[in-house]
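The sequence shown maps to residues 347 to 589 in our numbering.
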Amino acid sequence: MDPRTKLDDTQGTPLDDPFAYRQLVGRLLYLTLTRPDITFAVNILSQFISSPRTPHMQAIHHLLRYLKGCSGQGLLYSSTSPLCLRRFSDSDWASCPTTRRSTSGFCIFIGDYLISWKTKKQTTISRSSAEAEYRALAAASSEITCIQYLLNDLLIPQTVPAFIYCDNQSAIHIANNPTFYERTKHIKLDCHFIREKIKASAIRLIPVNTTLQLANTFTKPLPSTILSSHIRKMFVYDIYITS
Numbered sequence: 347m348d349p350r351t352k353l354d355d356t357q358g359t360p361l362d363d364p365f366a367y368r369q370l371v372g373r374l375l376y377l378t379l380t381r382p383d384i385t386f387a388v389n390i391l392s393q394f395i396s397s398p399r400t401p402h403m404q405a406i407h408h409l410l411r412y413l414k415g416c417s418g419q420g421l422l423y424s425s426t427s428p429l430c431l432r433r434f435s436d437s438d439w440a441s442c443p444t445t446r447r448s449t450s451g452f453c454i455f456i457g458d459y460l461i462s463w464k465t466k467k468q469t470t471i472s473r474s475s476a477e478a479e480y481r482a483l484a485a486a487s488s489e490i491t492c493i494q495y496l497l498n499d500l501l502i503p504q505t506v507p508a509f510i511y512c513d514n515q516s517a518i519h520i521a522n523n524p525t526f527y528e529r530t531k532h533i534k535l536d537c538h539f540i541r542e543k544i545k546a547s548a549i550r551l552i553p554v555n556t557t558l559q560l561a562n563t564f565t566k567p568l569p570s571t572i573l574s575s576h577i578r579k580m581f582v583y584d585i586y587i588t589s
């Protein structure tokens, strides 16, 4: 998705026939099951499915051209990967021009290989970037807990704790500090949940530089060079080209 593109529900004119737009979005949603590189773009486009307008259809055509140029891309997995869980968590802040809600994103790896990813607009408005990041941490911690339970049920040994990479120092400080402050009292449930997981050694928060934050792929449109670098680190390759 072009980083310069800012979509809202007031641009352009309504489509004469919105069915084609909805049909394309439905097919793209199915494709996100194996294409993490388009997850963020499809999430944005799906928000206008009730009343699509001309700029939204233009954005879909832009995405289709991208897919045509890399139709063979898919996820690569190896049988020799170590069974350690790693998760990258990120959030933008107040990016929605209509509601000013933030967008959370995460990606979870077993060893070096991607097994779960998600982009979702947060349900409430965050008053700071740290709060938005912390909400994203809580959501992704729930997902990684489910995966830990699944691996235990399958009697698959795993390395604990699971590492969670976050590029917001304030959010990490909130998680590691047992004191509640005036600015964080309204997110107590998220705070207690993450602190409980840290205390039980189920997860460990690791600071990461923003340039190395792979979850940026799921929270904002990235320049093509950065997007290509991130998806290579997720082991997304053209499956029809042998290396």
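Ideal placement from N, C-alpha and C gives every residue a C-beta, glycine not left out. In this text the structure is predicted, and so the values were computed from the model without any measurement.
Residues near residue i in its chain [Cβ-Cβ closer than 7 Å; skip 5 each side]
{"i": "Met403", "result": "Leu361 and Tyr367"}
{"i": "Tyr480", "result": "Ala517, Ile520, Ile533 and Asp536"}
{"i": "Leu377", "result": "Ile384"}
{"i": "Ser392", "result": "Val371 and Leu375"}
{"i": "Lys467", "result": "Cys442, Arg447 and Thr449"}
{"i": "Arg579", "result": "Correcting the residue identity first, residue 579 is Lys in this sequence and not Arg. The answer, listed in chain order, is Leu560."}
Three-state secondary structure (DSSP) of residue i
{"i": "Pro524", "result": "coil"}
{"i": "Ala508", "result": "strand"}
{"i": "Gly420", "result": "strand"}
{"i": "Gly399", "result": "According to the sequence shown, residue 399 is Arg rather than Gly. Strand, per DSSP."}
{"i": "Asp436", "result": "strand"}
{"i": "Gly415", "result": "helix"}
{"i": "Ile502", "result": "coil"}
{"i": "Thr491", "result": "helix"}
{"i": "Thr563", "result": "helix"}
{"i": "Pro443", "result": "coil"}
Run of the beta strand (DSSP E) containing residue i, from where it starts to where it stops
{"i": "Lys534", "result": "Here Lys534 belongs to no beta strand (DSSP E); instead the alpha helix (DSSP H) covers Lys534 to Lys545."}
{"i": "Arg368", "result": "Unbroken run through Arg368 is the alpha helix (DSSP H), Phe365 to Leu377; no beta strand (DSSP E)."}
{"i": "Leu429", "result": "Looking at the DSSP string, Leu429 is not in any beta strand (DSSP E), and its letter there is neither H nor E."}
{"i": "Ser465", "result": "Here residue 465 is Thr; the residue named in the question, Ser, does not match the sequence. Residues Tyr459 to Lys467."}
{"i": "Ser450", "result": "Thr449 to Ile456"}
Assigned exposure category for residue i - 16 Cβ within 10 Å defines buried
{"i": "Lys543", "result": "buried"}
{"i": "His576", "result": "buried"}
{"i": "Phe365", "result": "exposed"}
{"i": "Glu528", "result": "Residue confidence is low: Glu528 scores 49 on pLDDT, short of 50, so the model does not pin down where it sits. Its coordinate-derived value is still stated next. The residue is exposed, with fewer than 16 neighbouring Cβ atoms inside 10 Å."}
{"i": "Arg584", "result": "Per the sequence shown, the amino acid found at residue 584 is Asp instead of Arg. Classification of Asp584: exposed, given that the 10 Å Cβ count is below 16."}
{"i": "Ser397", "result": "exposed"}
{"i": "Ala476", "result": "buried"}
{"i": "Ser570", "result": "exposed"}
{"i": "Ala546", "result": "exposed"}
{"i": "Arg473", "result": "exposed"}
{"i": "Pro382", "result": "buried"}
{"i": "Asn523", "result": "exposed"}
{"i": "Ile406", "result": "buried"}
{"i": "Thr451", "result": "Sequence inspection shows Gly at residue 451; the Thr mentioned does not correspond to that position. Looking at its Cβ environment, which holds 16 or more other Cβ atoms inside 10 Å, Gly451 is buried."}
{"i": "Thr563", "result": "buried"}
{"i": "Ser424", "result": "exposed"}
{"i": "Asp436", "result": "buried"}
{"i": "Ile390", "result": "buried"}
{"i": "Asn514", "result": "buried"}
Residue i, enclosing alpha helix (DSSP H) - first and last residue
{"i": "Val554", "result": "From DSSP, Val554 is part of no alpha helix (DSSP H); its letter is neither H nor E."}
{"i": "Tyr586", "result": "Unbroken run through Tyr586: none, as it is neither H nor E."}
{"i": "Arg473", "result": "Run containing Arg473: none; DSSP gives neither H nor E here."}
{"i": "Ser650", "result": "Here the chain comprises residues numbered 347 to 589, so residue 650 is not present and cannot be evaluated."}
{"i": "Ile390", "result": "Thr385 to Ser392"}
Cβ-Cβ separation, residue j to residue i (assumed contact under 8 Å), whole Å
{"i": "Thr505", "j": "Cys430", "result": "4 Å"}
{"i": "Thr469", "j": "Thr565", "result": "Wrong, their Cβ atoms sit about 16 Å apart, outside the cutoff."}
{"i": "Trp463", "j": "Thr385", "result": "6 Å"}
{"i": "Ile549", "j": "Ile510", "result": "5 Å"}
{"i": "Leu453", "j": "Leu558", "result": "Looking at the sequence shown, residue 453 is not Leu but Cys. That pair is no contact at about 13 Å."}
{"i": "Arg399", "j": "Ala508", "result": "With 8 Å as the limit, Arg399 and Ala508 do not qualify as a contact, their Cβ atoms being about 42 Å apart."}
{"i": "Pro567", "j": "Asp363", "result": "In fact, because the Cβ distance is near 27 Å, the residues do not count as touching under 8 Å."}
Nonlocal neighbours in the same chain, by C-beta distance under 6 Å from residue i, ignoring five residues either side
{"i": "Asn555", "result": "none"}
{"i": "Phe539", "result": "Ala484"}
{"i": "Trp439", "result": "Ser448, Ser475 and Ala478"}
is_contact[residue i, chain B] using C-beta, thresh 9 Å
{"i": "Asp363", "result": "The structure shown has no chain B; it contains just one protein chain."}
Cβ-based neighbour list, residue i, same chain, cut-off 8 Å, excluding 5 preceding and 5 following
{"i": "Leu573", "result": "Asp383 and Thr563"}
{"i": "Ile461", "result": "Ile454, Phe455 and Ile493"}
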